[in-house]
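K.L.:
Going by my numbering, the sequence shown opens with residue -10, and the numbers climb by one from there.
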Amino acid sequence: MDIMADILSVARDGAGKTEIVCKTKLNFTRLKGYIAYLEAKGLLENIGSVYKSTEKGKEFLRDYQKVKDDLRT
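1) Give the C-beta separation of Leu33 and Tyr40 to the nearest angstrom, bearing in mind that I take them to be a contact with Cβ-Cβ under 8 Å.
2) Can you tell me the Cβ-Cβ gap for Ile(-8) and Tyr23, rounded? I've got them flagged as a contact below 8 Å.
3) For the putative contact between Thr13 and Asp(-5), defined by C-beta atoms under 8 Å, what is the C-beta separation to the nearest angstrom?
4) Pick helix, strand or coil for Ser(-2), following the three-state DSSP scheme.
5) Alpha carbon to alpha carbon, what distance is there between Leu15 and Lys21?
Right, here's the structure in full:
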């Protein structure tokens, strides 16, 4: 789940595959699988060569961060 959250975070305002690979330290093959999954779930959208978190993806990130924060306290 951390990897998916990282991808959505990088793509929050739009990012290309290379930027996502560099910031998440994934390779292109692994990223391709995650992108397909996130798009299928409606969390990520492709606009030309840019990937962007959808509103549903941003909501997931907020909820995910809240759970992580709650577990730390």
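Note that beta-carbon positions come from the ideal geometry of N, C-alpha and C, so glycine has one too. If you're wondering where the values come from, they're calculated on a predicted model, not measured in any experiment.
P.N.:
Put simply:
1) Sure, about 6 Å apart at Cβ, within 8 Å.
2) At roughly 6 Å, the Cβ-Cβ gap stays under 8 Å, so Ile(-8) and Tyr23 are in contact.
3) At roughly 5 Å, the Cβ-Cβ gap stays under 8 Å, so Thr13 and Asp(-5) are in contact.
4) Residue state, collapsed to three classes: helix.
5) Answer to the nearest angstrom: the Cα atoms are 10 Å apart.
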